[in-house]
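Protein chains in written order, with my numbering: chain A, 267 to 690; chain B, 421 to 613.
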């Protein structure tokens with residue numbers, strides 16, 4: 267079994283350095299106003315192999331929106347609200363603190379309790395009990411971190427989610443899935459021929475991807491739980507760029523037959539193929555708008571590649587991007603209000619973010635070979651592929667451009683990231 | 421502690437934890453293994469037999485790629501002295517124009533296909549690594565279609581040709597100068613090769 271290790275390489279300008287286990291993410295930048303929070307170690311936290319309070323702390327730090335306070339050295343480490351001496355935490359400048367406990371229960375399971383307290387008002391902001399199996403500790407910690415994030419920032423979190431990406435180690439390609447913090451990497455499919463363009467089904471149960479194992483690009487759909495894989499599209503020519511409709515019933519794909527790339531839609535069961543774009547140009551990289559009404563795609567029908575949109579049933583496309591001579595790989599923010607894409611900015615390929623209401627564009631990355639933008643399910647972070655020291659690596663940037671993370675694989679290239687939906 | 425040793429310590433920790441995590445994963449994924457019939461898998465098997473040189477378990481390397489032994493077997497497609505064995509057509513940057521210098525190769529392939537109506541070929545378009553993968557896939561396709569159209573003009577029917585693209589997937593990593601030039605090409609592959 268191949269172990270995937272994400273290892274950070276940026277050593278300077280650190281705000282936080284979460285440096286344990288499979289992932290070593292280092293964060294640069296940070297929100298100007300980080301929320302100071304104390305995550306007090308849970309009572310009996312050592313009962314589980316994965317330390318629940320450490321996972322919560324790491325999630326909050328990684329977001330760049332929190333300043334997680336050091337609790338070592340504190341005389342009193344409360345594990346329930348009744349034990350909290352609030353003055354001590356206010357003195358530490360904590361705006362909030364979490365307390366909790368882990369308790370073994372019948373059947374080898376655990377009861378996890380946590381409370382999020384407002385340190386100034388001395389009130390409870392959130393509280394939850396979970397009864398879980400030992401292998402659900404990490405996911406439970408991520409869910410708790412999501413609750414804390416939502417209560418203190420007013421926006422949903424995205425810690426309890428997974429990412430997919432392609433690794434190339436030696437000559438071997440692998441499509442892998444890991445938790446959003448890089449832990450628990452698992453291989454979905456591996457091949458000696460390239461694999462590209464992984465796309466999550468909206469319910470997170472399947473991945474569509476393009477495999478060259480038959481010496482041409484063919485689209486497969488694979489169930490993550492059963493491993494069952496089916497050919498979605500294997501028509502003459504190329505079959506590529508799969509993207510799911512918001513309801514998961516169909517996919518937009520790109521087929522060529524004997525000519526240029528054109529956008530089609532196809533039902534998830536492989537039936538109902540329909541031609542959507544009809545041009546003599548390249549039309550590719552289709553994505554559905556979150557409301558399902560339109561398909562956005564890249565096309566060089568106007569000479570240089572730009573992003574266009576077309577009604578989901580076809581019709582006359584209209585242009586969406588106007589600045590720059592190369593704008594490709596559109597991806598919608600989950601709220602449908604903005605579009606991330608890749609711009610060639612004077613020879614450097616960078617992540618751009620366009621507000622669809624105002625048309626305003628912000629370049630979020632430095633380049634020079636950034637690709638494959640993908641939004642976190644809460645829209646707060648954009649994950650993308652980059653090059654670092656000549657190798658493929660992943661990077662993430664907050665949608666306001668303030669927080670950056672870079673991650674690479676100690677053993678080879680990482681590329682083609684795709685952020686999945688929130689876990690149930 | 422030096423930076424290097426700090427990283428090593430982290431990696432060792434990472435390895436230990438990762439093994440544990442795999443063993444108790446919360447959401448199991450069943451991996452699909454793509455059956456591998458390429459020559460490199462055969463050589464992997466050889467390597468796994470050990471490198472002692474006299475290992476009783478050593479596996480004889482099998483090259484399933486019929487083109488790899490270099491024997492022409494009287495087949496003009498594999499005869500290095502025959503123009504039919506020349507299979508790469510190179511392109512200028514951002515161009516899908518088939519240059520005049522490759523006309524003899526295209527004409528020879530057209531003549532072969534017309535003389536062998538059952539023969540089928542795949543034209544594989546390629547780009548250099550600059551740009552995004554899916555867009556490059558479409559650019560490579562445009563090159564394979566350009567070669568197909570040249571063959572069509574010489575009378576070859578579409579039924580004998582499939583145009584596909586690898587985009588930048590075969591491109592030289594971190595190419596510079598002339599190395600990039602070699603990436604912008606169409607590879608001619610006959611059925612069964």
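Every residue, glycine too, gets a C-beta built ideally from N, C-alpha and C.
Start and end residues, alpha helix (DSSP H) containing residue i
i: residue 406 of chain A; result: 403-419
i: residue 322 of chain A; result: 318-329
i: residue 527 of chain B; result: 523-535
i: residue 356 of chain A; result: 352-357
i: residue 599 of chain B; result: 598-603
Cut-off 8 Å between Cβ atoms - residues of its own chain near residue i, not counting five sequence neighbours on either side
i: residue 461 of chain B; result: Unreliable positioning characterises residue 461 of chain B in this predicted model, as indicated by a pLDDT of 39, which lies under 50. The coordinate reading is nonetheless provided below. For residue 461 of chain B, where only same-chain residues beyond five positions count, there are no Cβ hits under 8 Å.
i: residue 510 of chain B; result: 519, 522, 601, 602, 604, 605
i: residue 443 of chain B; result: Its pLDDT being 33, under 50, residue 443 of chain B is placed unreliably in this model, and the value from its coordinates should be taken loosely. Excluding positions up to five away in sequence, the list is empty.
i: residue 513 of chain A; result: 468, 558
i: residue 355 of chain A; result: 304, 363, 385
i: residue 601 of chain A; result: 556, 645
i: residue 318 of chain A; result: 308, 311, 366, 368, 378, 403, 406, 407, 410
i: residue 683 of chain A; result: 429, 430, 431, 638, 640, 649, 650, 651, 660
i: residue 564 of chain B; result: 543, 544, 545, 583, 584, 585, 606
i: residue 416 of chain A; result: 422, 423
i: residue 481 of chain A; result: 459
Residue i Cβ short of 7 Å to the ligand MG heavy atom set
i: residue 484 of chain A; result: This structure lacks the ligand MG; in fact it carries no ligand of any kind.
Spatial neighbours of residue i in its chain, beta-carbon cut-off 6 Å, leaving aside the 5 residues before and after
i: residue 583 of chain A; result: 574, 576
i: residue 540 of chain B; result: 580, 611
i: residue 599 of chain A; result: 641, 645
i: residue 488 of chain A; result: 473, 495
i: residue 395 of chain A; result: 379
i: residue 679 of chain A; result: 434, 657, 658
Limits of the beta strand (DSSP E) - the one that residue i falls within
i: residue 679 of chain A; result: 679-688
i: residue 518 of chain A; result: 516-521
i: residue 613 of chain B; result: Segment: none, residue 613 of chain B is in no beta strand (DSSP E) and carries neither H nor E.
i: residue 369 of chain A; result: 362-370
i: residue 513 of chain B; result: Counting along the chain, residue 513 of chain B falls outside any beta strand (DSSP E), and DSSP gives it neither H nor E.
i: residue 659 of chain A; result: 657-664
i: residue 508 of chain A; result: 505-510
i: residue 395 of chain A; result: 389-398
i: residue 627 of chain A; result: 627-629
i: residue 528 of chain A; result: 528-533
i: residue 340 of chain A; result: Premise fails: residue 340 of chain A is in no beta strand (DSSP E) and is neither H nor E.
i: residue 501 of chain A; result: Counting along the chain, residue 501 of chain A falls outside any beta strand (DSSP E), and DSSP gives it neither H nor E.
i: residue 333 of chain A; result: 332-334
i: residue 382 of chain A; result: 376-384
Cβ neighbours of residue i in the same chain (closer than 7 Å, five flanking residues each side left out)
i: residue 479 of chain A; result: 457, 459
i: residue 411 of chain A; result: 322, 325, 326, 423, 425
i: residue 589 of chain A; result: 627
i: residue 398 of chain A; result: 375, 376, 378, 406
i: residue 608 of chain B; result: 507, 529, 541, 543
i: residue 391 of chain A; result: 362, 382, 383, 384, 417
Chain D contact residues for residue i, given Cβ-Cβ distances below 9 Å
i: residue 583 of chain B; result: Checking the listed chains, one finds no chain D in this structure; the protein chains it contains are A and B.
* To do: Pair every Cβ in the stretch 493-512 of chain A with every Cβ in the stretch 462-481 of chain A, then say whether three or more of these pairs are closer than 8 Å.
  => yes
* **Touch test, the stretch 587-599 of chain A against the stretch 637-656 of chain A, Cβ-Cβ under 8 Å, three pairs minimum** => yes
* **Contact list for the stretch 552-571 of chain B against chain A, Cβ threshold 8 Å** => 552, 553, 554, 555, 557, 558, 559, 561, 562, 565, 568
* Entirely enclosed beta strand (DSSP E) segments - the stretch 545-588 of chain B, minimum 3 residues -> 581-587
* Asked: Just checking, does the stretch 426-437 of chain A make contact with the stretch 405-415 of chain A on the three C-beta pairs under 8 Å criterion?
  -> yes
* Quick one: which residues of the stretch 441-461 of chain A get their C-beta closer than 7 Å to a C-beta of chain B? List them in chain order. => 443, 449, 450, 452, 453, 454, 455, 456, 457, 458, 460
* Mind checking the stretch 593-608 of chain B against chain A and listing, in chain order, the residues whose C-beta falls within less than 9 Å of any C-beta there? => 593, 594
* Three or more C-beta pairs closer than 8 Å, one from the stretch 302-318 of chain A and one from the stretch 354-365 of chain A: is that the case here? -> yes
* **Stretch-stretch touch, CB-based, cutoff 8 Å, three pairs: the stretch 572-590 of chain B with the stretch 485-498 of chain A** => no
* Positions along the stretch 534-547 of chain A whose CB lies within less than 7 Å of some CB in chain B -> none
* Asked: Closer than 9 Å, Cβ to any Cβ of chain A: which residues of the stretch 504-515 of chain B, in chain order?
  -> none
* Length at least 4, wholly inside the stretch 546-595 of chain A: the alpha helix (DSSP H) runs in chain order -> none
* Asked: With a cut-off of 8 Å, do at least 3 Cβ pairs link the stretch 618-634 of chain A to the stretch 644-661 of chain A?
  -> yes
* Under 8 Å (Cβ pairs) to chain B, residues found in the stretch 573-607 of chain A -> 592, 594, 595
* Can you give me, in chain order, the residues of the stretch 520-534 of chain A that have a beta carbon less than 7 Å from any beta carbon in chain B? => 522, 524, 525, 526, 527
* Pick out the complete beta strand (DSSP E) segments inside the stretch 593-621 of chain A, 3 residues or longer, and give them in chain order. => 593-598, 604-611, 614-621
* Asked: Can you find at least 3 beta carbon pairs, one from the stretch 546-554 of chain A and one from the stretch 511-528 of chain A, that sit closer than 8 Å?
  -> yes
* Could you run through the stretch 480-491 of chain A and flag, in chain order, every residue whose CB is less than 9 Å away from some CB of chain B? => 481, 482, 483, 486, 488, 489, 490, 491
* Do the stretch 541-551 of chain B and the stretch 585-601 of chain B meet, that is, are 3 or more Cβ pairs less than 8 Å apart? -> yes
* To do: Note down, one range per segment and in chain order, each beta strand (DSSP E) of at least 3 residues found wholly within the stretch 418-480 of chain A.
  => 427-435, 438-445, 452-457, 461-466, 472-477
* Mind listing which residues of the stretch 412-431 of chain A have their C-beta closer than 7 Å to chain B's C-betas, in chain order? -> none
* Could you list the residues in the stretch 615-641 of chain A with a C-beta less than 8 Å from some C-beta on chain B, going in chain order? => 615, 635, 637, 638
* Taking Cβ-Cβ distances below 7 Å as the criterion, which residues of the stretch 375-405 of chain A are in contact with chain B? -> 400, 401, 402, 404, 405
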